[in-house]
Every structure is written in structure tokens, then in C-alpha cells.
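Working notes for the structure below.
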Amino acid sequence: MIQDIAPRQYHNEFAVKEPGLRDFLLYFEGNQVLMRKGDGAPSMITFEDVQDPELRRQVIRQAEYLFCIDDISYYSARDTLGLMQLAGSRTADGKDELCICDLSIFRNMDPQFMGFAGITASQIYRFRKSRKFCGKCGHRMEYGTVERSMCCPVCGNVEYPKISPAVTVAVVHGDRLLMAKSAAGSFRQFALIAGYVEVGETFEQTVHREVMEEVGLKVKNLIYYKSQPWAFSDTEMIGFFAELDGEDQVTIQESELSEARWFTREEIGDYPSISLTYEMVNLFKAGKNPDFHRKEISGEIGTV
Ligand SMILES: [Zn+2]
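Per my numbering, the very first residue in the sequence shown carries number 967; after that it's consecutive.
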């Protein structure tokens, strides 16, 4: 999965510190990010690549330290600096040009830990951008100085990064797996039943409700598998395997799904395991049978 970057380690302890010229700089505007590109695939820029001395001073002054992976530090800069205008200019080493990329560039980036860093940075950017003003009194918010937050200096309101919990459910019936296609959005591949946790629910209750709402089925014997930060949608995914309980007749909720049906292992397509959903699909496809009575998956839960 995208966050599986071992042996590298992600350190997100809050800190306020100034960047070095070789530290990585994430500059976002909307769904776009400033990158560098030569002959190969786009890669991240550093502060050094902002070559105008005055602009670079401004960028450094406004930079926010985000996190590090091992000893590599990542910063972001506020989008009011207009750095997208640097697209087309040369990088500091003269080898590449700066370019503007869509955030989807991070989905399959090589090395993967750089993709994870990039999309994680974008989640913090969206949080900062969407909490500029206080939701209680309307005053301009300020960056928290002791934790990653936005604080209102007038009424004391504190906001934290948006992380929406959602479940993804592999509903299993014997040697078949239920897969569904979303009715809306750009993602139109078969995937698992998924949905956001509602107020007052446990994750398990969300599983039962979403499966009933979207395909009209009852499930039992839930097995928690793993969780995943899915920064593309500010989501924390929580993965469960669940056993069908009763009838296998699928009735789709047409506002949510365009199609849903049972798949044998042979019928399941090939999917990269970048997301928790497809890691679970691939696990099932590979013949790892959930043992719903012993509450484990072929004795290998957590190790695949
Ligand atoms: Zn306020």
C-alpha cells in the first residue's frame, strides 16, 4: 500500500523549523503541484530550485515544516506566493525544468515513499486552505504553534486536519467475493463496498449499514484487517472482511452504485495493491481464505 514504506520511517511529530536549501518543497494550488521534469518522470523540487533570491527568501520565510521520512524533510509553501509562474524555468542543477502536475502523479511515484510524502503533504495543504477563517466567528485563523492546528485568536476555536474515517468491506460468500462499481465520480473500476462512518457509529455498525444500503445484503463474523491513510480524499480507510449472512441476491442502490456482483477468484481482474481495498481483493484472489470462525485470514492476518 502507498504508506508501506519500510524500512523507511515516517516521522510526523509537530515541529517548527526553517528549511535547508536541499529540503523538499511542496507547492500546491488546488489539485496541482509544482514539480521538476527532465527526460524521466516528474520528481519533487527543493528550495534551491526557486532561484530568484527575493522570492526564495519569501518562500523560506513562509515555509511550513510538515514531516520527515528518515532524515529527509518535507515543507510546504503557502499558495499565495504564485510559484506556479516558475513552470518552464530551469532547476538549480540546470538538468530539468519546473512543471505543473496533477496530484495523481503521487499515486504511482517511484520511489513510493516520495509519492506517499507528496500526497500526505497535500492533505495538510487542503486543511490549511479550508480553515483560513474561523467557522464560529469568521475571524482569520492562525497556524497553531504547539501542534498541527488552526487557531482563532478571537474566540479560541481550534481546528485540526480533516481526516474522515471510512470502511471498505470485502463481503465473502464461500469462494466468491462481492465487488461493485461506483455510480459517480471518475473511479469506475470494480472495487469493494465502502462508505463513510456516520456520527454515533462504530466501524462495525458502518459495515453493516453500508452493505445493507448499497447491495441489500446482511453480513456477519466481521474480521478487522488493516487501516490506511488515503490522503487523496482526506480519508482513513478501515478494512474488514465480512461473511454473507443469508440470501446472496444483490439489490443495488442506484444512487451509489452502477453495478455489483459476485466474483470467483478467476474472475477478479489485476489491480495494483496501492490501496487497502485492492490489497484485500488481491489477498482473496491469491486464495487466502478468511476463516470467519477463528477470525483470521489463513493464519497470516497482518503479515501480507
Ligand atoms: Zn473565532
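Idealized CB from N, CA, C, for every residue including glycine. Note that the coordinates shown come from a computational prediction; the quantities given were computed from them, not determined experimentally.
| Item | Value |
| --- | --- |
| Near ligand 1: Gly1122 beta-carbon under 8 Å from a heavy atom | yes |
| Distance between His1174 and Gly1081 (C-alpha atoms, nearest Å) | 33 Å |
| Rounded straight-line distance, which links the Cα of Glu1125 to that of His1105 | 13 Å |
| Residue from Gly1182, Ala1150, Leu1249, Ser1241 with nearest C-alpha to Ser1224 | Ala1150 |
| Touch test, the stretch 1009-1026 against the stretch 1100-1120, Cβ-Cβ under 8 Å, three pairs minimum | no |
| Sub-9 Å separation of Phe1072 and Tyr1041 beta-carbons | no |
| Nearest residue (CA-CA) to Glu979, options Val999, Gly986, Arg1114 | Arg1114 |
| Distance between Val1247 and Asp1236 (C-alpha atoms, nearest Å) | 9 Å |
| Thr1046 classed as buried or exposed, judged by whether at least 16 other C-beta atoms fall within 10 angstroms | exposed |
| Three or more C-beta pairs below 8 Å linking the stretch 1206-1215 and the stretch 1086-1099 | no |
| The alpha helix (DSSP H) enclosing Val963, as first and last residue numbers | The structure shown does not extend to residue 963, since the chain is modelled only from 967 to 1270, so the question has no answer here. |
| Cβ shell of Tyr1031 (< 6 Å), same chain only, five flanking positions each side left out | Ala981, Lys983, Tyr1041 |
| Nonlocal neighbours in the same chain, by C-beta distance under 8 Å from Val1177, ignoring five residues either side | Val1135, Val1137, Ile1159, Leu1183, Lys1184, Val1185, Ala1208 |
| Given Ile1272 as reference, the closest of Leu1000, Tyr1190, Met1203 once Cα atoms are compared | Past the boundaries of the shown model lies residue 1272; the chain is included only from 967 to 1270, so the question cannot be answered. |
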